[in-house]
Amino acid sequence: MYINYVKLRYRCNYRGLFKLFIMAKFIMILLFCTVMQAGAAVYAQLASIKAEHITLKDVFSELREQTGYHFLYVTEDLENTGTVSLNFNDAALETILEKCFEGKSLKYEIKGNMVLIERILASSPSVENDLSTQERTLQGKVNDDKGEALAGVTIQLKGTKKTTQTDKEGKYSLSLPNGVQRVIFSSLGFETKELTVASEVNFLEVVLNIAVNGLDEVAVVGYGTQKRSDLTGSVASVKEADIKATPIVSLDRAMQGRAAGVQVTTNSAKPGGSTTIRIRGTGSVNASNEPLYVIDGYPSGDLNSINPADIASLEILKDASATAIYGSRGSNGVVMITTKHGSAGQSNISLDSYYGIQSLSRKIPLLNAKQYAEFINEARVNAGGEPYFDGSSEQRPKVSDIGIGTDWQDEVFHNAPIQNHELSFNGGDDKTNYALSGSYYGQNGIIIGSNFKRYTIRANIDRKVRSWLKIGLTMQGAHTNSNNSRTETEGGGKWWSHQCCY
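Residue numbers for the sequence shown follow this note's numbering, beginning at 92 and rising by one.
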C-alpha cells in the first residue's frame with residue numbers, strides 16, 4: 092500500500108506541474124505582446140510644436156525631447172535652409188517633417204527610433220533630355236595628316252560618357268541627339284580636336300595632326316645642347332614661361348612642384364629662408380646631399396643671389412649623365428641654369444614690378460588679462476594657496492581692476508609688405524648682343540623687425556669676332572641683407588597679458 096500511495100501522489104504532482112507550465116507559457120506570451128505594444132506606442136507618440144521662424148536644428152531638438160526619436164544629419168546639409176513656422180497640436184511626426192521639408196532639398200527616412208536626414212542630390216540632366224528624345228547617327232572617317240586611316244581613335248560626345256572608336260579603316264559611327272553638338276576626337280600621339288557638329292551634318296571626315304610633345308625641344312646637358320628625342324639620360328626642364336607665371340622670389344621656388352623627382356623643402360618661413368633640395372631622394376647619411384648648381388657653366392652655391400627673372404632655362408640632370416660630366420660633385424644631381432642673352436634686332440627696355448601685403452592667417456586664441464587673472468587665482472585656491480592677484484602690489488592688482496590687457500600677438504605681428512622691381516635692357520645686331528638687368532627684392536616678415544633685401548645686377552655681352560670665333564662677357568653682382576627675429580623661448584611666460592607694453 093505504501094508503494095501504491097507514492098506512485099499515486101507522484102502522478103498527481105506531475106499533473107500539477109504540467110498545468111503550471113501551461114499557465115506560465117501563456118503568461119509569457121501575454122507579457123511579450125504587452126511589451127511589444129508598449130514599445131510600439133513609444134514611437135507612435137504625437138508631438139505638439141508652435142513656433143515662428145525656427146531653424147530646422149531647433150525643430151529636431153524639440154521633436155527629440157517630445158518623441159524620443161534621434162535625428163541623424165550632416166550639419167552642412169542644414170546650412171542655408173532658412174527657417175520654418177509651425178503650428179501643430181498632437182500631430183504625427185511624419186506630418187510635421189513633411190511641413191519642415193517643403194521647398195527644401197532634403198528628405199528623411201524613419202528607421203526604428205532614428206530619423207535619417209540627407210540632402211537630395213540634383214541629378215544632372217542628360218543631353219538627350221535637354222535637346223530631344225530623337226537621335227541621329229553621325230558617320231565619318233579619321234585620317235592623319237598624310238591621308239592614312241587611323242584606327243582606335245576615340246570619338247566622344249562632349250559632356251557625356253557616350254563614346255565610340257574608329258575601326259581599322261578609320262571609320263566610325265556615333266549616335267547623337269538632334270541639334271548642334273560638340274564632338275571630341277582624341278588618340279595617343281595625336282593632337283586632340285574638338286569640333287562643332289551642326290544638326291544637318293550626318294557625315295564628318297576629320298584629320299588629326301601628330302603631337303610633337305616636346306621631342307624637338309633643346310635641353311642643356313653640360314657639354315652642349317641636345318634634342319630631347321636624342322637624350323638617353325633623365326633630364327627635367329622648367330620653362331621660362333612657368334617661371335614667369337607666378338611671382339617667384341628665388342631659384343628654389345622655381346623648381347618646387349615643377350620637376351619630377353625633385354623635392355624642395357622649406358626649412359624656415361622667415362624672409363629669405365633657406366630650403367633643402369633633393370634630387371631622387373637622399374643618397375648619403377653623413378655626406379652632403381645638395382645638388383651642384385651650375386650658372387652659365389660656372390658652379391655656384393648661393394641661390395638667393397640669383398634673380399629668377401634672369402633665368403632663360405633650367406635643366407636638372409638626375410642620373411649618371413651628371414657624374415659623367417661633373418664627377419663626384421654631380422653625384423647628387425646637377426641643376427643647370429642658363430641666363431638670358433640678347434638677340435639681334437630691336438632693342439627692348441622692360442620694367443616689371445609688383446607689390447603685395449602679407450598677413451597672419453589666424454592668431455592663437457588666448458585668455459585676456461582679466462580671464463588670465465581669474466584662472467590663476469582659481470588654480471592657486473584649488474591647490475590650497477592664496478589668490479595671487481589680490482591687490483597687494485602694483486604687479487598683483489585685484490581682478491576687478493584688470494581690463495582686457497595686452498594682446499602680445501598684436502604687438503609682435505603686423506601686416507608686412509613684399510615688393511619686387513626689375514629693369515632690363517636687351518638687343519643687339521649681327522655681331523654683338525647684350526642683355527643688362529638690375530633688380531631689387533624686399534620682403535618684410537610678419538614678425539616686426541624681420542626682413543630680407545636683395546639687390547642684383549647682371550650683364551651678358553656676346554661678340555662675334557670671326558665666323559669661327561665668338562667671345563662673351565658675363566658679369567653678376569648681388570648683395571643680400573637679412574634681419575631675423577629672435578627665437579628664444581626662455582622667460583616667455585613673464586610677459587603676462589595684464590602687463591603693459593611700455
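Backbone N, C-alpha and C define an ideal beta-carbon position, used for all residues, glycine too.
**OP:** Drop a sphere of 10 angstroms on the beta-carbon of Ala-345, count the other beta-carbons inside from all chains shown, and report buried for 16 or more, exposed for fewer.
**Re:** Along the sequence shown, read from residue 1 onward, the residue named residue 345 stands at position 254. Residue burial annotation: Ala-345 is buried, with at least 16 other C-beta atoms found within 10 angstroms of its C-beta.
Original post:
Applying the criterion that 16 or more other CB atoms from any shown protein chain within 10 Å of the CB defines a buried residue, is Pro-456 buried or exposed?
Top reply: Indexing the sequence shown from 1 puts residue 456 at position 365. By the neighbour-count rule (16 or more Cβ atoms within 10 Å), Pro-456 is not buried but exposed.
**OP:** With DSSP as the reference, please indicate the residues paired to Ile-145 in a beta bridge.
**Re:** As a first step, residue 145 is located in the sequence shown; it is residue number 54 there, counting from the start. For Ile-145, which the question treats as bridged, DSSP gives the partners Val-175.
Original post:
For the segment 451–534, which segments carrying the alpha helix (DSSP H) assignment without a break, of at least 4 residues, lie completely within its bounds, in sequence order?
Top reply: With a minimum length of 4 residues, the continuous alpha helix (DSSP H) runs that stay inside the segment 451–534 are 460–473, 499–503.
Original post:
If you check the beta carbons only, do Asn-293 and Arg-227 fall under 8 Å apart?
Top reply: Along the sequence shown, one-based indexing puts residue 293 at 202. Along the sequence shown, one-based indexing puts residue 227 at 136. A contact, by the Cβ cut-off of 8 Å.
Original post:
Along the chain, where does the beta strand (DSSP E) that runs through Thr-283 open and close?
Top reply: As a working mapping, residue 283 is identified with position 192 in the sequence shown. Per DSSP, Thr-283 is not a residue of any beta strand (DSSP E), being assigned neither H nor E.
Original post:
Which of the three DSSP states, helix, strand or coil, is assigned to Gln-449?
Top reply: Numbered from 1 along the sequence shown, position 358 holds the residue referred to as residue 449. Strand at Gln-449.
Original post:
What residue does the alpha helix (DSSP H) around Thr-547 start on, and which one ends it?
Top reply: Here residue 547 refers to the residue found at position 456 when the sequence shown is read from its first residue. Segment 542–557 is the beta strand (DSSP E) holding Thr-547; no alpha helix (DSSP H) there.
Subject >> alpha helix (DSSP H) segment containing Glu-185, residue limits >> reply: The residue you call residue 185 lines up with position 94 of the sequence shown. Bounds of the alpha helix (DSSP H) holding Glu-185 are 184–191.
**OP:** Provide the residue span of the beta strand (DSSP E) that contains Ala-569, from first to last.
**Re:** In the sequence shown, counting from the first residue as 1, residue 569 sits at position 478. Residues 560–574.
Original post:
For the putative contact between Asn-535 and Ala-507, defined by C-beta atoms under 8 Å, what is the C-beta separation to the nearest angstrom?
Top reply: On the sequence shown, position 444 is the one that residue 535 refers to. On the sequence shown, position 416 is the one that residue 507 refers to. Yes, Asn-535 and Ala-507 are in contact; Cβ-Cβ is about 4 Å, under 8 Å.
Original post:
Beta carbon of Gly-35, beta carbon of Ser-573: below 8 Å?
Top reply: Lying before the first or after the last residue shown, residue 35 is absent from the chain, which here runs from 92 to 593.
**OP:** If I'm right that Asp-235 touches Leu-299 with Cβ under 8 Å, what's the distance once you round it to whole angstroms?
**Re:** Counting from 1 along the sequence shown, the entry for residue 235 is found at position 144. Counting from 1 along the sequence shown, the entry for residue 299 is found at position 208. About 6 Å separates the CB atoms of Asp-235 and Leu-299; that is less than 8 Å, so the two are in contact.
Original post:
For the candidate residues Asp-181, Glu-406, Pro-268, whose alpha-carbon lies nearest to that of Lys-253?
Top reply: Within the sequence shown, residue 253 is the residue found at index 162, counting from 1. Of the candidates Asp-181, Glu-406, Pro-268, the one whose C-alpha sits nearest the C-alpha of Lys-253 is Pro-268.
**OP:** Go ahead and label Ile-402 buried or exposed: buried means 16 or more other beta carbons lie within 10 angstroms of its beta carbon, across all protein chains shown.
**Re:** As a position in the sequence shown, residue 402 is number 311, starting the count at 1. Around the beta carbon of Ile-402, 16 or more other beta carbons sit within 10 angstroms, so the residue counts as buried.
**OP:** Quick one: give me the first and last residue of the beta strand (DSSP E) that Glu-406 is part of.
**Re:** By 1-based counting over the sequence shown, the position of residue 406 is 315. Start and end: 402–408.
Original post:
Exposed or buried, Lys-409, counting other C-beta atoms within 10 Å across all chains shown (16 or more means buried)?
Top reply: Residue mapping note: residue 409 aligns to position 318 of the sequence shown, counting from 1. Within 10 angstroms of the beta-carbon of Lys-409 lie 16 or more other beta-carbons, which makes it buried.
Original post:
Where DSSP assigns a beta bridge to Arg-369, which residues make up the other side?
Top reply: On the sequence shown, position 278 is the one that residue 369 refers to. Its beta-bridge partners are Gln-354.
Original post:
Does the ligand FMN have even one heavy atom less than 7 Å from the beta-carbon of Leu-279?
Top reply: With respect to the ligand FMN, the structure offers nothing, as it holds no ligand at all.
Subject >> Bridge-paired residues (DSSP) for Ser-441 >> reply: On the sequence shown, residue 441 is found 350 positions in, with the first residue counted as 1. Beta-bridge annotation (DSSP): Ser-441 is paired with Ser-515.
Original post:
In angstroms, rounded to a whole number, what distance separates the CA positions of Ala-435 and Leu-286?
Top reply: Taking the first residue of the sequence shown as position 1, residue 435 is located at position 344. Taking the first residue of the sequence shown as position 1, residue 286 is located at position 195. Looking at the two C-alpha atoms, the distance is approximately 41 Å.
Subject >> Reference Arg-554; option with closest CA among Leu-154, Asn-180, Thr-523, Ile-495 >> reply: Counted from its first residue, the sequence shown places residue 554 at position 463. Looking at the Cα atoms, Thr-523 is the closest of the given residues.
Subject >> Three-state secondary structure assigned by DSSP to Asp-168 >> reply: By one-based count along the sequence shown, residue 168 stands at place 77. Of the three classes helix, strand and coil, the one that applies to Asp-168 here is helix, per DSSP.
Original post:
What residues are listed by DSSP as bridge partners for Lys-198?
Top reply: As a first step, residue 198 is located in the sequence shown; it is residue number 107 there, counting from the start. Its beta-bridge partners are Glu-209.
**OP:** Please work out which residues of its chain come closer than 8 Å, Cβ to Cβ, to Val-296, disregarding the five sequence neighbours upstream and downstream, and give them in chain order.
**Re:** As a position in the sequence shown, residue 296 is number 205, starting the count at 1. A small correction: the amino acid at residue 296 is Glu; Val does not occupy that position in the sequence shown. Closer than 8 Å at the Cβ level, and outside the excluded window around Glu-296, lie Gly-231, Lys-232, Val-233, Asn-234.
Subject >> Cβ neighbour criterion (16 or more within 10 Å) applied to Asn-423 >> reply: By 1-based counting over the sequence shown, the position of residue 423 is 332. Buried: at least 16 other Cβ atoms inside 10 Å.
Subject >> Coil, strand or helix - Leu-248 by DSSP >> reply: In the sequence shown, counting from the first residue as 1, residue 248 sits at position 157. Three-state result, Leu-248: strand.
**OP:** Work out the CA separation of Gly-280 and Val-271 for me, nearest whole Å.
**Re:** If you number the sequence shown from 1, residue 271 lands on position 180. If you number the sequence shown from 1, residue 280 lands on position 189. C-alpha separation (whole angstroms): 28 Å.
**OP:** Given a cut-off of 8 Å, decide if Val-274 and Ile-246 are closer than it, judged by their beta-carbon atoms.
**Re:** Working through the sequence shown from its first residue, we reach residue 246 at position 155. Working through the sequence shown from its first residue, we reach residue 274 at position 183. In this structure, Ile-246 sits near Val-274, with a CB-CB distance shorter than 8 Å.
**OP:** Leaving out five residues on either side along the sequence, give the residues of the same chain with a beta carbon under 6 Å from the beta carbon of Tyr-532.
**Re:** Here residue 532 corresponds to residue number 441 of the sequence shown, with the count starting at 1. Once the five neighbours on either side are set aside, the close Cβ partners of Tyr-532 are Asn-511, Arg-545.
Original post:
Where does Tyr-160 fall in DSSP's three states?
Top reply: Against the sequence shown, residue 160 aligns to sequence position 69. Judged by DSSP in its simplified three-state form, Tyr-160 adopts coil rather than helix or strand.
**OP:** Please say whether Leu-383 and Arg-349 have beta carbons closer to each other than 8 Å?
**Re:** Counting from 1 along the sequence shown, the entry for residue 349 is found at position 258. Counting from 1 along the sequence shown, the entry for residue 383 is found at position 292. Taking 8 Å as the Cβ cut-off, Arg-349 and Leu-383 do not qualify as a contacting pair.
**OP:** Helix, strand or coil for Ile-334, going by three-state DSSP, please let me know.
**Re:** One-based indexing of the sequence shown puts residue 334 at position 243. Helix, per DSSP.
Original post:
Tell me the DSSP bridge mates of Met-427?
Top reply: Looking up residue 427 in the sequence shown gives position 336. Answer is Val-385, Glu-406.
**OP:** Please confirm if the segment 493–504 is in contact with the segment 458–470, defined as three or more CB-CB distances below 8 Å between the two stretches.
**Re:** Under the Cβ criterion (8 Å, minimum of three pairs), the segment 493–504 counts as touching the segment 458–470.
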